[in-house]
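A.B. asks:
In our numbering, the protein residues as written are 342 to 603.
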């Protein structure tokens, strides 16, 4: 049977960290090869907060496939037609934000998986198979297996329902959106708060109980990231293109400004 590789999923299945980089600034396919060279496993192509068009996102996704990265697209909550079009045109994963219950998680699977796992419409000639003609049964089975479905837990209610959400067949990753979670808790930006630690512990435990993976988004501090990774997080959004560019640029200008000018 024809198969599709998803490097992000393969890392997780081997018990390794799966590292992603947010794409909000880049508008060309070159970013995929650059991030592959940097050592990332997947691109987090953001259509929820970024100004990228779906067309640009899909072009970057195809570039990621050729570079050996997994293109994963975040769409706004409920925008399932956008999500399936992204999958039809190169994406190997979808992130759905603001999922608070198992009922909502089941809807995600129903919309994003092909039968018999869901009710996604079948498109032929997809870039994941290099546009080759593939038997429909093989295509749907292979893409169902390769596609990584992540739901974001971003409220106290979502955390309290983590066990039920993790139990939903077809959900792969429970990704904590730490910024929104902290805001909903009334502790904006307090990523070290014990309530946040407890939320991560509950989510990791739920994932382990049901063979799923816990993810971390919004935490980029070098001191805090190891803390949560040590607690069992494996799907890690490590930063974004804008942040990395600014950090490197600021480091260089600071270095040069400190030099003595002869």
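The beta carbon of each residue, even a glycine, is placed where N, CA and C say it ideally should be. All of these numbers come straight from a predicted model, not from anything done at the bench.
Looking at the secondary structure, which residues open and close the beta strand (DSSP E) in which residue 673 lies?
C.D. replies: Since the first residue of the chain shown is 342 and the last is 603, residue 673 is not available in this structure.
A.B. asks: Mind checking which residues open and close the alpha helix (DSSP H) that includes residue 483?
C.D. replies: 477-487
A.B. asks: Considering only their Cβ atoms, is the gap separating residue 343 from residue 532 smaller than 8 Å?
C.D. replies: no
A.B. asks: Let me make sure I understand the geometry here. Which of 416, 456, 454 has the alpha-carbon closest to that of residue 493?
C.D. replies: Nearest of 416, 456, 454 to residue 493, Cα basis: 416.
A.B. asks: If distances are taken between C-alpha atoms only, which option among 580, 372, 511, 502 comes closest to residue 458?
C.D. replies: Comparing Cα positions, the closest option is 511.
A.B. asks: Is the region 506-522 touching the region 365-372, taking contact as three or more C-beta pairs under 8 Å?
C.D. replies: no
A.B. asks: Check each candidate in 395, 393, 522 and name the one with the smallest Cα separation from residue 498.
C.D. replies: 522
A.B. asks: State the beta-bridge partners of residue 578 as determined by DSSP.
C.D. replies: 361
A.B. asks: Give me the Cα-Cα distance between residue 405 and residue 603, rounded to the nearest whole angstrom.
C.D. replies: 46 Å
A.B. asks: What residue ranges within the region 422-457 form continuous beta strand (DSSP E) runs of no fewer than 3 residues, ordered along the chain?
C.D. replies: 434-437
A.B. asks: Report the rounded CA-to-CA distance for residue 519 versus residue 601, giving the unit in angstroms.
C.D. replies: A straight-line Cα-Cα distance of about 42 Å links residue 519 and residue 601.
A.B. asks: Taking the runs of the alpha helix (DSSP H) that are 4 residues or longer, which of them lie wholly in the region 517-560?
C.D. replies: For the region 517-560, whole alpha helix (DSSP H) runs of length 4 or above, ordered along the chain, are 519-526, 535-551.
A.B. asks: Among 539, 567, 480, whose alpha-carbon lies nearest the alpha-carbon of residue 503?
C.D. replies: 539
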